[in-house]
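J.:
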Amino acid sequence: MADKQLEFLKSKVSELAQKHRTIVSKLKDDLKQAMEIASREKMRAMNLENKLDDEKRRYYALEAQKASNPSVDSTKEIMELKSALNAEIQKSTMLANQLKEIAMDSTNIESLKDTAYLKATIIRLETDLKAESERTARIKTDAKEKLELLIEKHELEIKTILKTKKEVETHLAELQNEIDSIKSTSTGTNEFLLINIKNLENQNNELKNSIEEKNTLFESKSQELKKAIDDLNSFQLKYNEQIKDHEENSLHFHKLIKEQENELDRLSKVADRFDIIAMDRQVRCLKDEVLHMIKTPSQPRLKITLQNTIELKKRLKRNIEHLDEFTLNTLQEVDEIENLLRNHIFMEKENN
C-alpha cells in the first residue's frame with residue numbers, strides 16, 4: 240500500500256512538472272512574440288510622433304500667420320489641422336494602450352491560475368507525503384516490535400530445545416551405561432532383561448528422533464527470522480530511495496514555480512512601463528497644448544485642461560511603487576503644467 244501511494248505521488252509530481260514546463264515555455268513564446276510586436280509598434284509610435292510634431296509646427300505656423308495677418312482667413316485650415324492633431328494624439332494614446340495590452344496578454348490569467356493550482360497541489364502532495372512517512376514510521380515501529388517479540392520467542396524456544404537436547408543426551412548416556420552394565424553382568428539368556436534392553440533401545444531411538452525434529456524446527460525458525468530481517472532492511476532501503484526521489488522532484492518543482500513567478504513579475508513591470516510611456520506621451524502633448532492655449536486664454540478651456548491634467552497626475556501616482564527617474568520627471572512635468580494652468584485661471588479671474 241505504501242509503495243502504491245509513493246508511486247502515485249511520484250507520478251503526480253512528474254505530471255505537474257511537465258505541465259509547468261509547458262506553461263513556462265508558452266509564457267516565453269508569448270513574451271517573445273509580445274516583444275517583437277512591441278518593437279514594431281514602437282517604430283510606429285516614433286513615426287506617429289514625428290508626424291505629430293510636423294502637424295504641430297504647421298498648426299502653430301498657421302496660428303502665427305493668422306495673428307500677423309488677420310485679413311487672411313485660415314480658420315478652416317487651422318481647425319482641420321487641430322482635428323488632425325487631436326487624431327494623432329488619440330492614435331498615440333491608443334498605440335500605447337495596445338502595447339500595454341500586449342504585455343498584459345503575456346501574463347494571462349490562465350497562467351496565474353495554473354501557478355496557484357500547482358502551488359496548492361505541491362502543498363497537498365507534501366501533506367500526503369508527510370502522512371505517508373508517519374504511517375510508514377508506525378509500520379516500521381510495529382514491525383520492529385513484532386520482530387523483537389519473534390526473536391525473543393525463537394531464542395526461548397532455542398534455549399528450551401538445547402536444554403531438552405542436553406537432558407536427552409544425558410538420559411541416553413545413562414541408558415547406554417545401563418545397557419552396557421546389563422550386558423556385562425548378564426551370564427545367561429534372561430528373557431526379561433532382553434525385553435528391557437529392547438524397550439530402552441526403542442526409547443533411545445524415539446529420543447533421537449525427537450532431537451532431530453527439534454533441530455529441524457530450530458533451523459526453520461532461524462531461516463524465517465533471517466528472511467523477516469532481510470525483508471525489513473530491503474523495504475527500508477527502497478522507501479528511503481523513493482523519499483529521496485520525491486524530495487528532489489519537489490525541489491525542482493519549487494524552482495520551476497519560482498522561475499515562473501519571476502517571469503510574471505517581469506512581465507508585470509513591462510506592462511507598467513508601457514503605461515508610463517503612454518502617459519509621458521500624453522503629458523508632452525498636453526504641455527504643448529497648454530503652452531499654445533495660454534497665448535489665447537479661455538477660462539472654460541483652461542479648466543477642462545486642468546481637470547485632464549489632474550486625472551493624468553492621479554494615474555501617474557497609482558504607479559508610485561514602480562517610480563523611476565523617467566516617471567518622476569514625467570510627474571514633475573505634470574506638476575508644472577498644473578501650476579501653470581492654475582496661475583493663468585487665477586489671473587483671468589483677477590482680470591475679470
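Mapping of the sequence shown onto my numbering: position 96 corresponds to residue 335, and the numbering continues sequentially without gaps. Glycine included, each C-beta is placed from N, C-alpha and C at the ideal position. Small disclaimer: the values here were computed from a predicted structure and weren't measured.
1. Compute the Euclidean distance between the alpha carbons of L464 and I450, then round it to the nearest angstrom.
2. Please state whether the Cβ-Cβ distance between M401 and L446 is less than 9 Å.
3. Have a look at T403, I397, I436 and flag the residue whose alpha-carbon is nearest the alpha-carbon of N416.
4. Use the C-beta contact count for L580: other C-beta atoms within 10 angstroms, 16 or more gives buried, fewer gives exposed.
5. Between the C-alpha atoms of E575 and Q521, what's the straight-line distance to the nearest angstrom?
6. For E500 and M586, I'd like the C-alpha separation in whole angstroms.
7. Using the C-alpha atoms, what's the distance from E275 back to N547?
8. Tell me, to the nearest whole angstrom, how far the beta carbon of E396 is from that of K477; I am working on the premise that it is less than 8 Å.
9. Quick check: what's the CA-CA separation for D484 versus K385?
10. Determine, using beta carbons only, whether R581 comes closer than 9 Å to chain D.
11. Given that a residue counts as buried once 16 or more other Cβ atoms are within 10 Å of its Cβ, and exposed if not, what is V573?
12. Going by the beta-carbon positions, is the gap between N443 and L471 smaller than 9 Å?
13. Taking DSSP as the reference, what is the three-state secondary structure of E349?
14. Leaving out the 5 sequence neighbours to the left and right, which residues in its chain are closer than 7 Å to K614 when beta-carbon positions are compared?
15. Assign Q481 to buried or exposed, taking buried as 16 or more other Cβ atoms, counted over all protein chains shown, within 10 Å of its Cβ.
16. Can you tell me the Cα-Cα spacing of I348 and M282, whole angstroms?
17. Suppose the cutoff is 7 Å on Cβ atoms and the five residues either side in sequence are ignored; what does the same chain contact list for E487 look like?
18. Is it buried or exposed, T544, if we count other Cβ atoms within 10 angstroms and call 16 or more buried?
19. Measure the beta-carbon distance from T409 to K453 and round it to whole angstroms, keeping in mind my assumption that it falls under 8 Å.
20. Exposed or buried, what is L490 when buried is set at 16 or more other beta-carbons lying within 10 Å of its beta-carbon?
21. Please classify L551 as buried or exposed, where buried requires at least 16 other C-beta atoms within 10 Å of its C-beta.
22. For K542 and I584, which I take to be in contact (beta-carbon distance under 8 Å), what is that distance rounded to the nearest angstrom?
23. Please name the residue in K405, L439, V407 whose C-alpha comes closest to that of S420.
24. At the level of alpha carbons, what is the spacing between N448 and E458?
25. Just how far apart, CA to CA, sit I434 and L456?
26. Label L388 either buried or exposed according to how many other C-beta atoms from any shown protein chain fall within 10 Å of its C-beta, with 16 as the threshold for buried.
27. V311 by DSSP, collapsed to three states: which one?
28. Do you know how far the Cα of I549 is from the Cα of K508?
T.: The short version:
1. 21 Å
2. One point to set straight first is that residue 401 is Leu, not Met, in the sequence displayed. It is not a contact, given that the beta carbons lie outside the stated cut-off.
3. I436
4. buried
5. 14 Å
6. 53 Å
7. 33 Å
8. Rounded, the Cβ-Cβ distance is 31 Å, inconsistent with contact.
9. 29 Å
10. Considering every chain present, this structure includes no chain D. It has just one protein chain.
11. buried
12. no
13. Note that E349 scores 46 on pLDDT, short of 50, meaning its location in the model is unreliable and no value can be drawn from it.
14. As shown, the chain starts at 240 and ends at 591. That puts residue 614 outside it, with no answer to give.
15. buried
16. The predicted position of I348 is uncertain, since its pLDDT is 43 and thus under 50; a value taken from the coordinates is nonetheless stated next. Cα to Cα, I348 sits roughly 29 Å from M282.
17. none
18. buried
19. Their Cβ separation, rounded to whole angstroms, is 15 Å, which puts T409 and K453 out of contact at 8 Å.
20. exposed
21. buried
22. 6 Å
23. L439
24. 15 Å
25. 33 Å
26. exposed
27. For V311, the predicted model reports a pLDDT of 48, less than 50, meaning its position is unreliable; a value from the coordinates is still stated below. Three-state result, V311: coil.
28. 24 Å
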